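Novice:
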Amino acid sequence: KTSVWIQSVDGPGEATLLKEFPVSVGDLDWSHDAKGIIVSASIYVDGNDVHSEDAMTSTAARDKILEDPEEKLGGLNAVLFKRLPVREWDRWIDAKMIHPFFVPVVQS
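Note that the numbering used here has the sequence shown beginning at 6, numbered continuously upward.
#1: Report the CB separation of PRO105 from LYS40 in whole angstroms; it is logged as a contact under 8 Å.
#2: Just tell me which of SER8, GLY16 and ASP51 has its CA closest to the CA of GLY31.
#3: Look up LYS101 in the DSSP assignment and say whether it is helix, strand or coil.
#4: From ILE70, LYS77, LYS87 and PHE26, pick the residue whose C-alpha is nearest to that of MET61; which is it?
#5: What does DSSP give as the partner residues of SER36 in its beta bridges?
#6: So, with DSSP's three-state summary, where would you put GLU58?
#7: So, with DSSP's three-state summary, where would you put GLU25?
#8: Return the chain-ordered list of same chain residues with a C-beta closer than 8 Å to the C-beta of GLU76, the five sequence neighbours on each side being excluded.
#9: Rounded to whole angstroms, what is the Cα-Cα separation between GLY18 and GLU58?
#10: Which word fits SER63, buried or exposed, when buried means at least 16 other C-beta atoms lie within 10 angstroms of its C-beta?
#11: Tell me which residues share the same chain as ILE103 and place their Cβ nearer than 6 Å to its Cβ, disregarding the 5 neighbours each side in the sequence.
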C-alpha cells in the first residue's frame, strides 16, 4: 500500500492523509488546475477497468491471490500469453504495465 500525505508549509502542524492506494504508486504530480493528483501504478492491463481506480484494487486482490502463502498453487509462477511475447526496449512485457491515474482531491 502507498499513502499520500499533505502538510501545510506555513508552519508546524500535523500531516493529513490525502489518499491511500491499494498498490504502490509513484511519479506523483500535483495538478492545481485540475484539482487533483496524478500518479502511476503498475497494474494488470488485461481487465476491463484499466482506466479507473478499480484497476488498482483488482490488481491488489490479484497480487494477494498470487502470493500463495499456503502454496495451494504449488509454487506456480507463470504467465499465459495468447500471442507471442513482444520485446519492448530493454525488458520483456509481463502481465503488469505502468499506467497513469488521475485522482481528484477534495479540499476540506
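Yeah, the Cβ is synthetic: ideal placement off N, Cα and C, and Gly gets one too. What you are looking at is a predicted structure, and each value in this text was computed from that prediction instead of being measured.
Specialist: Let's see:
#1: Counting from one through the sequence shown, the residue named residue 105 turns up at place 100. Counting from one through the sequence shown, the residue named residue 40 turns up at place 35. Rounded to whole angstroms, the Cβ separation of PRO105 and LYS40 is 17 Å, and the two are not in contact under 8 Å.
#2: Here residue 31 corresponds to residue number 26 of the sequence shown, with the count starting at 1. Minimum Cα distance to GLY31 is reached at SER8.
#3: Numbered from its first residue, the sequence shown carries residue 101 at position 96. If DSSP states are grouped into helix, strand and coil, LYS101 belongs with the strands.
#4: Here residue 61 refers to the residue found at position 56 when the sequence shown is read from its first residue. MET61 has its Cα closest to that of PHE26, out of ILE70, LYS77, LYS87 and PHE26.
#5: On the sequence shown, position 31 is the one that residue 36 refers to. Note: SER36 sits in a beta bridge opposite GLY41.
#6: Reading the sequence shown from its first residue, position 53 is the one you call residue 58. Correct three-state label for GLU58: coil.
#7: On the sequence shown, position 20 is the one that residue 25 refers to. Strand at GLU25.
#8: Here residue 76 is taken as the residue at index 71 of the sequence shown, counted from 1. Nothing listed; no residue qualifies.
#9: Residue mapping note: residue 18 aligns to position 13 of the sequence shown, counting from 1. Residue mapping note: residue 58 aligns to position 53 of the sequence shown, counting from 1. The straight-line gap from Cα to Cα measures roughly 30 Å.
#10: Residue numbering aside, residue 63 sits at position 58 when the sequence shown is read from its first letter. Taking all protein chains in view, the Cβ of SER63 is crowded by 16 or more other Cβ atoms within 10 Å, so the residue is classified as buried.
#11: Here residue 103 refers to the residue found at position 98 when the sequence shown is read from its first residue. SER45 and SER47, listed in sequence order.
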